[in-house]
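Counted the way the numbering used here counts, the sequence shown spans residues 200 to 572.
All C-beta atoms, glycine included, are put in the ideal place defined by N, C-alpha and C.
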Amino acid sequence: MYSKIWLSKPHFEKEDFDVFKETIVSNWVSTVGPNIASFEKSIESVMGENSKVVALNSGTSAIHLALKLLEIGSGDEVLCQTFTFCATVNPILYCGATPVFIESEKETWNMCPVFLEEAIQDRLKKKCRPKAIVVVDSYGMPAKWDEILAVSRKYGIPVIEDAAAALGSMYKGQMCGTFGEYSILSFNGNKIVTTSSGGVLICKENHDKERAIYLATQAKQEGFIHGEVGYNFRMSNVLAAIGLKQLTVLEKRVQQRRENHFRYQSFITTLGGIELQQEKNSNFYANFWLNCILLDPSLNSKTSVLKEFSKHNIDVRSLWCPLHLQPYLKKTLYYGDHYSQQLFETGLCLPSSSNLTPEEFDRICQVFKTFLK
């Protein structure tokens, strides 16, 4: 039996385990402790000026709090990228709001600014004013931020940036995770650096950070007095300790993922029937958290390719199914040309771990050669 090649496995070193043990011994294992504030400060230094960070138990919780800070609730509409994981939209539903899905453009696979403006104009004509725009940097590829923010400013609708997979990616030299009125990052176990699970909310103002912490800690005032409905969303001190250590190698991990990309690029150019997702131009700097390809359906079916990789114990997966096609969301509004359906039908994610070995890469290439002759 072949050894498993994972899609994106966590990359730990001895120091990570040492930090974990030290934190356990300290007894600071819950949602208070010195590592939490230190982790927040470390991310603030990575993200740059005007980044006020709140450490949370997931990126999903971070989106939820961003929506709460914008006072989004029942009856409100939120414009949301359709080509993304369900965790992007679920917090909109938690708030009782209604998602309106926007299609992606073909160059970055992120929200299309043209369809975004078309949706806003149509909703306004129908006397509905969307209260937020949720944009995703899909698979670590930056969105077309100049165009999206121009639409946001034109209509006065704030942006929430879901940069869950885009830590270390940049658009025109600016870090992904800093473009939204509120932005989020994920530190799930499969991300470029990890806290095992966890995420952060990035605000621009201190008062928003303070309110987010208040809401994330059960809206606790003094003693056992609670001012409103709150949440148990705070990151633990143990996970923050792991994150602190992981952040010290962020730049290295980004370079390792980018090296994977260039290896795939060199190999795929020798083949026909595959298109590798690329940076459009020098304005886009992707961390290539995952390397994504599109198959020529006239040559190979996605199903047959997935089966072939599975036979060799290689973790290759489909791209996301667009949210407007999900069974529980089929009655929602959608604006676009169904490009994301094409991505889903022909797209795959390739193993992209930062510790992917040359031997593992060769195994992946050999499988490609079996069906691309």
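Whether W488 touches T283 by CB criterion (8 Å): no
With a cut-off of 8 Å on the beta carbons, I'd call L443 and F238 a contact; round off their distance for me. 5 Å
Along the alpha helix (DSSP H) that carries D361, what are the first and last residues, could you check? Counting along the chain, D361 falls outside any alpha helix (DSSP H), though it belongs to the beta strand (DSSP E) covering 358-361.
Using CA atoms only, rank isn't needed, just tell me which of Y538, E559, Q464, F378 is closest to R352. F378
Is F378 helix, strand or coil by DSSP? coil
What is the residue span of the alpha helix (DSSP H) that N389 lies within? Here N389 belongs to no alpha helix (DSSP H), and DSSP marks it neither H nor E.
Answer with buried or exposed for M200, where buried requires no fewer than 16 other C-beta atoms within 10 angstroms of its C-beta. exposed
Under 8 Å: do the segment 268-288 and the segment 245-256 share three or more Cβ pairs, one atom per stretch? no
Which term fits I383, buried or exposed, when burial requires 16 or more other beta carbons within 10 angstroms of its beta carbon? buried
Option nearest T297 by Cα separation, candidates V288, I563, I347, S303: V288
Can you tell which of L206, F216, N249, V299 has the C-alpha that lies nearest to the C-alpha of L524? V299
The segment 357-377 contacting the segment 325-342, beta-carbon criterion three pairs below 8 Å: yes
For C375, which residues of its own chain have a beta-carbon under 6 Å away from its beta-carbon, when the five flanking residues on both sides are left out? D336, P341, A362, A365, S368
Could you give the distance in angstroms between the alpha-carbon of I291 and the alpha-carbon of A415? 17 Å
Find out if the Cβ-Cβ distance for the pair A286, Y381 is shorter than 8 Å. no
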